Amino acid sequence: MTVNFNGYMQNMCIDRMLIEPIPNNPFQPHDDDTMEMLTESIREFGVLDPIMVREIDKNHNHYQMISGRRRLEVCHRLGINQIPVRVVNVSEDEAIIAMVEANLCQRSDLLPSEKAAAYKMRLNAMKRQGYRTDLDADGTLSQVGTKLNSGTELSKTSEDSRTQIYRYIRLNELIPDLKQLVDERRIALGPAVELSYLPEEAQRAVFAYYSDNEVTPSYSQANQMKKSYNEGTLTPVTLTQILDQPKANQVEMFHIPAKRIRPFFKPNMSMQKVQDEIVKALEYYGKYKERQRRNRDAR
């Protein structure tokens with residue numbers, strides 16, 4: 089769903105102190121190369137692209153920002169008070185939808201938590217406008233089939249599929265500490281979605297395990313915890329046992345060039361048999377070293 093702006097007012101300049109953000113705006117003006125370039129541009133040329141706002145108080149000339157938060161932040165840093173704006177006549181829900189669309193389309197540096205909150209805000213705004221939903225506010229896919237499915241509509245104006253949008257919305261069910269680990273790319277989206285189904289106490293236990301061991305759960309481990317919780321068998325002990333399991337990509341591998349060991353085995357012996365013979369030889373060697381140690385201790 090794309091918002092069509094009707095009834096444009098004449099562009100004007102207003103004091104930036106009269107502009108307030110949309111409540112619970114999930115997007116943050118990250119300090120990156122883009123912000124530095126924007127700062128240099130505004131310092132030299134001013135704000136070339138007006139900030140989009142809507143009027144929310146005709147008596148006191150207060151405005152709510154729809155798009156342009158980074159431009160507004162740069163103006164604040166540079167001490168620029170008078171800012172060019174374009175005032176549009178839209179409802180609060182239309183403003184939320186437009187705000188989310190603008191950020192999703194224009195920014196490539198969004199954190200997973202920002203996407204999660206943004207998709208949920210836009211979904212709720214669309215539902216208030218009368219859209220039937222195939223995607224609930226907690227990220228649950230439903231089986232409702234209508235001409236106005238909000239999950240499908242969301243995916244039309246996003247690079248993310250309907251299923252991927254669902255996965256992002258589930259991140260809103262994570263405790264802040266785990267959400268931050270997702271933003272820091274320490275927990276991948278797949279495991280994070282599985283963890284989002286755990287109760288707060290279990291999620292805190294997962295974070296405590298990470299704090300002590302600096303180990304985050306794999307998708308398989310997170311799925312096991314979710315399954316155990318659904319079956320009513322998840323306890324602090326079983327949670328720790330699951331997290332203690334070695335991950336497939338963390339199993340240490342030891343490599344020896346084949347040419348170094350092949351002379352000790354028959355040419356047609358399989359590599360699995362070679363490995364078994366090496367392990368057996370090491371076991372005998374270990375016993376030999378243990379007998380030597382005992383003989384020394386007995387002297």
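Just so we're aligned, residue 89 is where the sequence shown starts under the working numbering, counting upward by one.
Built from N, CA and C at the ideal position, the CB exists for glycine as well.
Since this is a predicted model, take the numbers as computed values, not measurements.
Cys101 versus Leu136 - alpha carbon distance: 12 Å
Neighbourhood of Gln170 by C-beta, 6 Å cutoff - its chain only, sequence neighbours within 5 removed: So the qualifying residues of the chain are Cys101.
Every unbroken alpha helix (DSSP H) within the segment 298-347, with a cutoff of 4 residues, ordered by chain: 307-318, 324-332
Identity of the residues DSSP links to Cys101 by a beta bridge: Pro172
C-alpha gap between Lys335 and Thr321, whole angstroms: 22 Å
Coil, strand or helix - Arg142 by DSSP: strand
Contact under 9 Å by Cβ, Val141 with Arg165: no
Given Phe115 as reference, the closest of Thr127, His150, Ser129, Arg158 once Cα atoms are compared: Nearest option by C-alpha distance: Arg158.
Environment of Glu124 [buried if 16+ CB atoms lie within 10 Å]: exposed
Arg382 burial status per 10 Å Cβ neighbour count (16 or more: buried): exposed
Neighbourhood of Pro200 by C-beta, 7 Å cutoff - its chain only, sequence neighbours within 5 removed: Take Pro200, set aside five residues on each side of it, and the residues of its chain with a beta-carbon closer than 7 Å to its own are Tyr256, Leu259, Val270, Asp271, Leu277, in chain order.
Reduced DSSP category for Tyr155 - H, G, I as helix; E, B as strand; rest coil: Note on residue identity: the sequence assigns Ser, not Tyr, to residue 155. The answer is strand: DSSP assigns Ser155 an E or B state.
Alpha helix (DSSP H) segment containing Phe353, residue limits: No alpha helix (DSSP H) contains Phe353, which DSSP labels as neither H nor E.
For His150: DSSP bridge partner residues: In DSSP, His150 forms a bridge with Asp145.
Exposure of Phe295, with buried meaning 16 or more beta-carbon neighbours within 10 Å: Classification for Phe295: buried.
Spatial distance of Phe353 from Val362 (CA atoms): 7 Å
Nearest-angstrom beta carbon gap, Leu262 and Gln309 [assumed within contact, 8 Å]: With a Cβ gap of about 16 Å, Gln309 and Leu262 do not count as contacting.
Cβ separation of Asp181 and Ala213, assumed to be a contact under 8 Å, to the nearest whole Å: A Cβ-Cβ separation of about 4 Å places Asp181 in contact with Ala213 under the 8 Å criterion.
Given Met153 as reference, the closest of Gly167, Ile168, Val176 once Cα atoms are compared: Val176
Identified DSSP bridge partners for Ile107: Tyr151, per the DSSP bridge assignment.
Reduced DSSP secondary structure (H/G/I, E/B, other) of Pro287: coil
Coil, strand or helix - Ile366 by DSSP: Look at Ile366 here: in three-state DSSP terms it is helix.
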